[in-house]
Amino acid sequence: AGASSHDGYAEVVCGRGAEKVLENAELSRILEDDELILFRVPPGFDAAVLHGVELSIDADETVVGEHGRYAMRPVPQCETACMLPAFPSREQGRWVTSRPFSAQFAVAMRQ
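Counting with the numbering used here, you get residues 941 to 1051 for the letters of the sequence shown.
This is the structure:
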């Protein structure tokens, strides 16, 4: 999951390694007007290739990755309707939920 911010992105790693959360992903760094966007990627996919990629909400897919092997596609909002992002909070000493994701994209191999 990513949270856009005026000074860059906060990145949260899910699944294996979820216990290792980057310092800038703390809830206190997410501002009121930041959009929370969920990116689903395949295991072993290097998320660094997404740096600088411009997405159009209206596009069916955006080609990403080395040699255009992958495509990033928008995912219907209904798939994340029941999901709430959670971020660590030093003030509360625990993980706390935040507002819903504003968009979701999935990376998959192109056919």
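Positions of the beta carbon are idealized from the N, C-alpha and C atoms, including for glycine.
These figures come from a predicted structure and were not determined experimentally.
V993, buried or exposed, once every other Cβ within 10 Å from all chains shown has been counted against 16: Numbered from its first residue, the sequence shown carries residue 993 at position 53. So V993 ends up on the exposed side.
Exposure of Q1044, with buried meaning 16 or more beta-carbon neighbours within 10 Å: Taking the sequence shown and counting its residues from 1, one reaches residue 1044 at position 104. Q1044 counts as buried, since no fewer than 16 other beta carbons sit within 10 angstroms of its beta carbon.
Assigned exposure category for V1003 - 16 Cβ within 10 Å defines buried: The count along the sequence shown starts at 1 and reaches residue 1003 at position 63. With fewer than 16 other Cβ atoms within 10 Å, it is exposed.
Sequence-distant residues of its chain with Cβ nearer than 7 angstroms to L978 (five each side left out): To locate residue 978, count along the sequence shown from 1; it is residue 38. Once the five neighbours on either side are set aside, the close Cβ partners of L978 are A941, T1020, F1041, Q1044.
Pairwise C-alpha distance: R1030 and A1046: For the purposes of this step, residue 1046 is taken as residue 106 along the sequence shown, with counting starting at 1. For the purposes of this step, residue 1030 is taken as residue 90 along the sequence shown, with counting starting at 1. Computed Cα separation, rounded: 30 angstroms.
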